[in-house]
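Number of protein chains: 2
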Amino acid sequence: MRISTKGRYALIIMENLANKYHEDRFVRLNEIANEEELSLKYLEKIIPSLKDKDFFITSRGSDGGYKLKREPKDYTILEILEASEGSLAPVECITSNTCNRKSMCKSIGMWKELDDTINNFLDNKTLEDLMEDK
Amino acid sequence: MRISTKGRYALIIMENLANKYHEDRFVRLNEIANEEELSLKYLEKIIPSLKDKDFFITSRGSDGGYKLKREPKDYTILEILEASEGSLAPVECITSNTCNRKSMCKSIGMWKELDDTINNFLDNKTLEDLMEDK
DNA sequence: TGTTTTCCTACCAACTTGGTAGTAAAATAT
DNA sequence: ATATTTTACTACCAAGTTGGTAGGAAAACA
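Protein chains in written order, with the working numbering: chain A, 1 to 134; chain B, 135 to 268.
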C-alpha cells in the first residue's frame, strides 16, 4: 500500500517552494531538481497535476519559475497527495462502485473506516508542518 | 495507495473460514472459491503466505481442506494483510532504511505517523468484526 | 532575435498484478 | 493395492503501472 514517487516528489516540490515562500520570487524547477537531487525531466511530468489544482503562480522565460499561490499552512498534505496520486482509497469500490461482489462483501465498512482514518490524518497536516523551522 | 487483490482475497478466505469456525470441519478451497466467486487457482496461490503464519490446520485428501487454528476474534486484520501483502508502510524508507535522501528528508516523520495511524487502526480490528452476525 | 524557462507529447525498460496450467504428493475410501 | 480427492508446488504469461528519458514548441524577457 505504497505512495508512489509521483506523490512523494510532488510533496518535495511543494515543500521546497514553501521554504522559499517569503523570498517572493519565481523558483526554477531546475533549482528544485538540483537541490533535491531529482531529475528535472521527471519533475516536469509531475508539475501539471499540481498546476491543474491551481497550487501556484507560474512565469515563463528567464527569471521565470514557480511560486506558491497560498501560504504553506493553507495546503493540506491530503490535497497535494490526491492531486498527484489520485484518490488514496485503500480499495477501489470506495470511489468507483463497480465491484460485482458488492452484495456479499463484508469488508466494505471496514475499508471505509480505514479510508476515513487516513484522509482525516492527512487533512489535518499542512505544508507548514513539514517546513524546516518547525 | 491500494490494497491489492492478494490482501483482499486473503481477507475473504479468512472471513469465509471464520463464519464456519463452529462447524468444526475442514473446508475445501474449492468451496470458498465457488461461494465467493473467485478463481480456485488464484486462491491457491494466496494460501501459502497465510499457511506460513500458521493461521490454519490443513488436511489433504478427500474431506480435506482448511480450518482456522484460533478463534476469529484472535486474528487481527493487520496480521492477515501483512501476511498476504507484506508491510503496509506508505513509504519504503520506514522499513528498509535504504533511502539516499534520508539526511535531507523532511517528510519521514509525517510518514511514520501515518504508518502508525494505519497500523493502529488495523491492529484493533479482528476477523470477528467482519463476521455476518455482527 | 537569442536565451531561458515552462509546457507538451511520445517513447521505453523493468516491475507488478492478476491471473492460468500442469503436476506431484498426501490422505482417505473402496 | 488402487482410485479419488484434495492440498502443495512450479512454471508461465498478458496487461498495466512505475519511473523514468528525449525532443521540441511556446512564451516571456533582455
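From the three backbone atoms N, C-alpha and C, an ideal C-beta is built for every residue, glycine too. Keep in mind that this is a model prediction, so the values were computed, not measured.
With DSSP collapsed to three states, give me the class of G195 (chain B).
In this structure, G195 (chain B) counts as coil in the three-state DSSP scheme.
On a CA-only basis, which of B:I166, B:S183, B:D263 is nearest G141 (chain B)? Give me that one, please.
Taking only the C-alpha atoms, the option nearest G141 (chain B) is B:S183.
List the whole-angstrom C-beta distance separating K203 (chain B) from F189 (chain B), where the pair is believed to meet the contact cut-off of C-beta under 8 angstroms.
The pair is a contact, with the Cβ atoms about 6 angstroms apart (cut-off 8 angstroms).
Along the chain, where does the alpha helix (DSSP H) containing Y117 (chain B) start, and where does it finish?
Residue 117 (chain B) lies beyond the range of chain B shown here (135 to 268); nothing can be said about it.
Should P72 (chain A) be flagged as near chain B, meaning a C-beta pair shorter than 8 angstroms?
Not a single C-beta of chain B is nearer than 8 angstroms to the C-beta of P72 (chain A).
C227 (chain B) lies in the alpha helix (DSSP H); which residues open and close that run?
Here the alpha helix (DSSP H) through C227 (chain B) covers 227 to 230.
For Y21 (chain A), the three-state DSSP class (helix, strand or coil)
Three-state DSSP puts Y21 (chain A) in a helix.
Can you tell me whether N150 (chain B) is buried or exposed, with buried defined as 16 or more other CB within 10 angstroms of its CB?
Looking at its Cβ environment, which holds 16 or more other Cβ atoms inside 10 Å, N150 (chain B) is buried.
Is there at least one Cβ from chain B nearer than 8 angstroms to S55 (chain A)'s Cβ?
Checking the sequence, you will find Phe at residue 55 (chain A) rather than Ser. Not one chain B Cβ lies under 8 angstroms of F55 (chain A).
Rank A:T5, A:V91, A:S107, A:D24 by C-alpha distance to the C-alpha of S59 (chain A) and give the top, closest one.
Comparing Cα positions, the closest option is A:D24.
In whole angstroms, what is the alpha-carbon distance linking N162 (chain B) and D263 (chain B)?
It should be pointed out that residue 162 (chain B) corresponds to Arg in this sequence rather than to Asn. Rounded to the nearest whole angstrom, the C-alpha separation of R162 (chain B) and D263 (chain B) is 23 angstroms.
Give me the Cα-Cα distance between N124 (chain A) and I77 (chain A), rounded to the nearest whole angstrom.
Linking N124 (chain A) to I77 (chain A) through their CA atoms gives a straight-line distance of about 8 angstroms.
When Cβ atoms are compared, which residues of the stretch 80 to 96 of chain A fall closer than 9 angstroms to chain B?
Against chain B - using a Cβ distance shorter than 9 angstroms - the residues of the stretch 80 to 96 of chain A are L81, E85, S87, L88, A89, P90, V91, E92.
Would you mind telling me which residues of chain B sit closer than 8 angstroms to S103 (chain A), beta carbon to beta carbon, in chain order?
Here the premise fails: no neighbours, minimum Cβ distance about 11 angstroms.
Quick one: what does DSSP say K201 (chain B) is sitting in, helix, strand or coil?
Note: K201 (chain B) maps to strand in three-state DSSP.
Would you report the Cα separation of G198 (chain B) and I191 (chain B), rounded to the nearest angstrom?
Going by the C-alpha atoms only, they are around 10 angstroms apart.
Taking only three categories from DSSP, how would you classify F190 (chain B)?
F190 (chain B) falls in the strand class under three-state DSSP.
Looking at the secondary structure, which residues open and close the alpha helix (DSSP H) in which D279 (chain B) lies?
There is no way to answer for residue 279 (chain B), as the model of chain B reaches only from 135 to 268.
Is the beta carbon of T260 (chain B) sitting closer than 8 angstroms to the one on Y209 (chain B)?
For the pair T260 (chain B) and Y209 (chain B), the CB atoms are nearer than the 8 angstroms cut-off.
If you follow the alpha helix (DSSP H) that I77 (chain A) is part of, which residue opens it and which one closes it?
Looking at the DSSP string, the run of the alpha helix (DSSP H) that includes I77 (chain A) is 77 to 85.
By the criterion of Cβ-Cβ separation under 8 angstroms, what are the contact partners of S241 (chain B) in chain A?
Ordered by position in chain A, the residues that pass the 8 angstroms Cβ test against S241 (chain B) are R8, L11, I12, E15, L130.
What residues of chain B sit near K45 (chain A), judged by a beta carbon separation below 9 angstroms?
Per Cβ cutoff of 9 angstroms: no residues; K45 (chain A) is ~19 angstroms from chain B at best.
Leaving out five residues on either side along the sequence, give the residues of the same chain with a beta carbon under 7 angstroms from the beta carbon of I214 (chain B).
Around I214 (chain B): A144, L145, M148.
Give me the residue from B:I137, B:D186, B:F160 with the minimum Cα distance to G195 (chain B).
The residue from B:I137, B:D186, B:F160 with its alpha-carbon nearest to that of G195 (chain B) is B:F160.
Determine the extent of the alpha helix (DSSP H) in which I32 (chain A) is found, giving its start and end residues.
29 to 36 is the span of the alpha helix (DSSP H), which, as asked, contains I32 (chain A).
Selected residue, minimal CA-CA separation from N73 (chain A), among A:T5, A:N19, A:M1, A:L43
In the sequence under discussion, the amino acid at residue 73 (chain A) is Lys, which differs from the Asn named in the question. It is A:N19 whose Cα lies nearest to the Cα of K73 (chain A).
Could you please give me the residues that DSSP links to T139 (chain B) through a beta bridge?
Paired residue(s): none; T139 (chain B) is not in a bridge.
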